[in-house]
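Start counting the sequence shown at 6; every next residue gets the next number (the numbering used here).
Where a beta carbon is used, it is the ideal one built from N, C-alpha and C, also for glycine.
Single-structure report; data block below.
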Amino acid sequence: MKKMITICIALISCIGFAQSKNIALKENYNYNSQVKLTSLSFDVNSVDELKDIDWKEIKSIFETNGEEDVIKMSFAINMNKQKSKNVKIAGKFSVEGKTEDIDSLIKKSKKGIKGLIKVYNKYQNK
């Protein structure tokens, strides 16, 4: 009987001290994490969609990035000239640079889009 009581007390004390501590999530969670967007791609089927790009919104998308982060913007147009012919007009370009140069990247993108529109209009008139 004495052994039984000793074993029970030892077992109860082991179970009591073996309880784990609750860890608060605040200690392990980083509340200051940020999302970085490094690439943005537009693949459209009409010239009007390229003309309707909101450049202020694109600039605001990259605001969370650091100034030294490299970003890339791609623009593509894929169109069938006519349904009856097997002529397909396609063009694509991309610009890449640091986030701090976003204004110059937007200017280059606008020039590239104007070029895509000119190519489309050239083939549309044929």
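Cβ-based burial, residue i [other Cβ within 10 Å; buried from 16]
{"i": "M78", "result": "buried"}
{"i": "G117", "result": "buried"}
{"i": "L42", "result": "exposed"}
{"i": "I82", "result": "buried"}
{"i": "T104", "result": "buried"}
Residue i versus residue j - alpha carbon distance
{"i": "K123", "j": "I76", "result": "26 Å"}
{"i": "G96", "j": "V40", "result": "30 Å"}
{"i": "Y128", "j": "S99", "result": "22 Å"}
{"i": "I107", "j": "K119", "result": "18 Å"}
{"i": "D57", "j": "E68", "result": "21 Å"}
{"i": "G71", "j": "K113", "result": "21 Å"}
{"i": "F80", "j": "S65", "result": "18 Å"}
{"i": "L121", "j": "S109", "result": "18 Å"}
Nonlocal neighbours in the same chain, by C-beta distance under 7 Å from residue i, ignoring five residues either side
{"i": "W60", "result": "I111"}
{"i": "I14", "result": "none"}
8 Å Cβ shell around residue i - same chain, five flanking residues per side excluded
{"i": "Y125", "result": "V52, I82, M84, I94 and G96"}
{"i": "E73", "result": "K103, T104 and E105"}
{"i": "K115", "result": "W60"}
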